[in-house]
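What follows is a single structure, written as structure tokens, with notes after it.
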């Protein structure tokens, strides 16, 4: 009996060994990137969730990253010194789970030998990946996950290229002042992102004499907001400030409108207005104000980029963010002057002064960026954008208040 | 004859030991990382097997007890500067204590009632961790958890060195459970699984046996949790969800419930399979789901059961191997109905 | 405050009625077939998608689409039973449970792959309208959901009580072997039970999809909640499932009203444990808890 089991165990281990060595062999020689023409390539690893409940953001940013890589490779590649390199993307799904994300990161760095890793979709995955990037001295960027905890971990090799909540706080204060709101009802996620934002907003609003008359946290899995909205309606709040990702925000907005709640709903997550107007009919989204993190989507660069997609109208801020992350790396590689030196690459990333679609990327010593979001207002199913120094027309303000 | 067999057995053990010892030298960090994950889950699943496989109680609270181990160890070491080995020990004590509390309530139930009550407790533990940011970091989790201090020139911040801690942990856990089921208490556990009424009838204090089994398995889950935390150096409540509980169960069932080797096989299979499927990214979980259904349909006794039946067919043996069904047997099924 | 309480009473009733549609199907499958089907939530999700495609793409009337969804997903459920659960009929409760988890992973990820992760809004005929009840305004949408649910539950009750199929169902539930001896086609009955269960979940998905939005991961939580509600009410008991659903709907609503939304889940689990402590087999469970 014991012997049989032992031989089984030995067999199993031999099998695992074989499979693994087989795997590593195939991916080294296979080179499925197929650059073919003998040009040198630089591998970039992408670890985002493309399955599971939070697949949307990862799928969008990944699609844009693929388009960006294609653009770069077609237009001469990455120029380092007098040589030009092609980018090759290697993507693994992280499922929204820390375990999967760590394994994906190890595989990208150890086996695929990528020069940099971009990931992930949630803060949990990203936070679990950061120690690995740090240990392997491999530059890591995020284009999606945005919680302050990531840059607070104090990692040298991690840089946040996603839109940072903290940077948007002043925008929210200005937004309230523009419309002369004094009493706010804040509804926010109880996750790392929502709690951090709520805390910062509370402080900033208090300093500017904006009163938060109602505040409540809810789980990202919540879909039913009826009773919560009734509670809000019973207060004298002039506006609902919602810090929630699109999945919950859509439900919140829809239910508020169906309930006949008169006060406007404002987005406090730098969320995707573009997404919102696609999902909901105009009568629901009219008057919605949000900090758009997409940059000026009516600009020519944006239009040209959107035209590369089969359904340009579905392109959203995560696409732009994904696209920028690749161009940011291209820029950093060219300034670093090396296709193989990760340390130089990391220095170049942190020293970026790069103009992407979303705005100008510069990083502080913690790796936080300074992208400013612009104000978007939905009127009759269309978004109107206003930059910081632009005045919002009085009739627009009146029509919403 | 027996001497000959023993010699063969010994040489096989030696072979296994050598393979296990050289793994980190032969393989790259990615593969070592995957094997390390398998190792941690072997500890966890083996401990789950004690209550599920040997005592016949389907517990979903295990992931919560695993979380308690992970958090206790991290908090002790980071906030109170408790040395690694002591934190490891105390995290086992903490998990055992909470296991005892959960058991006191949950073990009043049987079959699917026990399952759902433990599921509720597992979730309650996670939600409490989530809602206590001052102690646990809340949804942010705990980061920069220190690695165990270096010994014998081993630097545990490296995957290939940490491997040996996990190896020792896993071997110790498996041997402990193997020893445990050989003892009187262990035999009583099996008696409870097979037929609780009969076990009571022949004078076994079934309540006590179940409590011992549950508490022991909780302590081992805490052990796994502590190693998990120090290995990954980051933990958050998102790693301890209901879905993870289900994964644990799958490992036990797919491997072969109520056997020593089943959970080892199950953990190896369920962690390796998704890794092997990484190249088919988008179809990965679709294939995984389908394979799961097929596995259960065609291998109801798990991988180990499959191997055994193949072996038996080859040998067409005279002695039937004792068939061990999963925790909830035919009898419970009947009584659960109506 | 009193207005809020009236609103909460109505909200709780609406949430509860949706949970009821899920839980009744779940408990039927368990009570008669002894299968804990954790893929129940995915059938609900499929119902949401089916309704969405008919209403928004093919411009079919919402209510016609719901009936079509009931039938389509019902037939789908029938075949699921035949393909997956029939071969597992003699397997243990745990094994069928795990198979259903595999099925759930398969369906949700397949839909994710085919339809993408976008959220979708089902247009509802009376959206935005509201009527006044007891001095507070309630949206017509929610009233319709409530009435439809009540109608479906009554219809199911009528089918079980007064039709030939219903008699066969009850006979099978009481004693499968005896029913088979009396000439009941057990295989057919099991298929029908699964079809009913799937159809009801699908209608719930269509209704909820119109209240909220439809996406591939929408089934996860409701599927799990149906399981908890059914345990709370007593496995296999339809009345228990209805009551459990109402308790759950109200527990969530009043937690939001008096505490905070984020405690909803916690309160739900605590109620479950408390109820089981006092009534170990669930509210309407059989006496036999072994």
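Protein chains in written order, with the numbering used here: chain R, 218 to 618; chain S, 7 to 344; chain U, 45 to 334.
Don't be surprised by glycine CBs; every beta carbon is placed ideally from N, CA and C.
Output, in chain order, the set of chain S residues within a Cβ distance shorter than 7 Å of residue i.
| i | result |
| --- | --- |
| residue 348/R | 239 and 240 |
Establish whether the CB of residue i and some CB of chain S are separated by less than 9 Å.
| i | result |
| --- | --- |
| residue 462/R | no |
| residue 225/U | no |
| residue 366/R | yes |
| residue 94/U | no |
| residue 58/U | no |
| residue 268/U | yes |
| residue 279/U | yes |
Please return the same chain residues whose Cβ sits closer than 7 Å to the Cβ of residue i, not counting the five positions on each side in sequence.
| i | result |
| --- | --- |
| residue 178/U | 50 |
| residue 53/S | 179, 223, 226, 227 and 230 |
| residue 283/S | 290, 293 and 294 |
| residue 315/R | 341, 342 and 345 |
| residue 266/U | 66, 85 and 88 |
Beta-carbon of residue i versus every beta-carbon of chain R: anything under 9 Å?
| i | result |
| --- | --- |
| residue 200/U | no |
| residue 186/U | yes |
| residue 150/S | yes |
| residue 52/U | yes |
| residue 55/U | yes |
| residue 132/S | no |
| residue 300/U | yes |
Between which residues of its own chain and residue i is the CB-CB distance below 8 Å, once the five residues before and five after are set aside?
| i | result |
| --- | --- |
| residue 316/U | 272, 275 and 276 |
| residue 213/S | 113 |
| residue 5/S | Look at the range of chain S in this structure, 7 to 344, and you will see that residue 5/S is not part of it. |
| residue 169/S | 29, 30, 38, 41, 42 and 45 |
Is there a C-beta anywhere in chain U that falls below 9 Å from the one on residue i?
| i | result |
| --- | --- |
| residue 298/S | yes |
| residue 318/S | no |
| residue 407/R | yes |
| residue 496/R | yes |
Could you pull the DSSP bridge partners for residue i from this structure?
| i | result |
| --- | --- |
| residue 600/R | 595/R |
| residue 157/U | DSSP output for residue 157/U lists no bridge partner at all. |
| residue 458/R | 403/R and 483/R |
| residue 263/R | 308/R and 335/R |
| residue 358/R | 335/R and 376/R |
| residue 572/R | 577/R |
| residue 433/R | 404/R |
| residue 164/U | 258/U |
| residue 293/R | Paired residue(s): none; residue 293/R is not in a bridge. |
| residue 623/R | Here chain R covers residues 218 to 618 and nothing more, so residue 623/R does not appear. |
| residue 148/S | 241/S |
Since residue i meets chain R, which of its residues come closer than 9 Å, beta carbon to beta carbon?
| i | result |
| --- | --- |
| residue 367/U | Only positions 45 to 334 of chain U appear in this structure, which leaves residue 367/U out of reach. |
| residue 48/U | 444, 447, 448, 450 and 451 |
| residue 172/U | 474, 475, 477, 500 and 501 |
Between residue i and chain B, is the shortest Cβ-Cβ distance under 9 Å, so that the two count as touching?
| i | result |
| --- | --- |
| residue 309/U | Any reference to chain B falls outside this structure, whose protein chains are R, S and U. |
Spatial neighbours of residue i within its chain, please: C-beta separation below 6 Å, excluding the five flanking residues on both sides.
| i | result |
| --- | --- |
| residue 72/U | 237 and 241 |
| residue 195/S | 60, 61, 215 and 219 |
| residue 458/R | 401, 403, 483 and 485 |
| residue 393/R | 427 |
| residue 65/U | 193, 244 and 248 |
| residue 331/U | Low confidence applies here, because residue 331/U scores a pLDDT of 40, under 50, leaving its location unreliable; read the following figure in that light. Around residue 331/U: no qualifying Cβ. |
| residue 335/U | In the structure displayed, chain U extends from 45 to 334; residue 335/U sits before or after that span and is not available. |
| residue 504/R | 481 and 617 |
Going along chain S in order, which residues have a C-beta closer than 9 Å to the C-beta of residue i?
| i | result |
| --- | --- |
| residue 291/U | Those within 9 Å of residue 291/U in chain S number zero; the least Cβ separation is about 15 Å. |
| residue 265/U | Those within 9 Å of residue 265/U in chain S number zero; the least Cβ separation is about 10 Å. |
| residue 412/R | 139, 144, 145 and 146 |
List, in chain order, every chain R residue whose beta-carbon is nearer than 7 Å to that of residue i.
| i | result |
| --- | --- |
| residue 304/U | 433 and 434 |
Below 8 Å on C-beta distance, what does residue i contact in chain U?
| i | result |
| --- | --- |
| residue 276/R | 160 and 161 |
- Query: Using a beta-carbon distance cut-off of less than 9 Å, what residues from the stretch 144 to 165 of chain U approach chain S?
  - Reply: For chain S, the residues of the stretch 144 to 165 of chain U that bring a beta carbon within less than 9 Å of one of its beta carbons are 144, 145, 146, 147, 148, 149, 150, 151, 152, 153, 154, 156 and 157, in chain order.
- Return the residues of the stretch 296 to 316 of chain R that lie within a Cβ-Cβ distance of less than 7 Å from chain U, sorted by chain order. none
- Task: Check distances from the C-beta atoms of the stretch 253 to 272 of chain S to those of chain U and list, in chain order, the residues that come in under 9 Å.
- Result: So the close ones are 255, 256, 259, 260 and 263.
- chain R contacts from the stretch 16 to 45 of chain S (Cβ-Cβ distance under 8 Å): 18, 19, 21, 22, 25, 26, 29, 32, 33, 34, 35, 36, 37, 39, 40, 41 and 43
- Query: If contact means a Cβ-Cβ distance below 7 Å, which residues of the stretch 258 to 273 of chain R contact chain S?
  - Reply: 267 and 268
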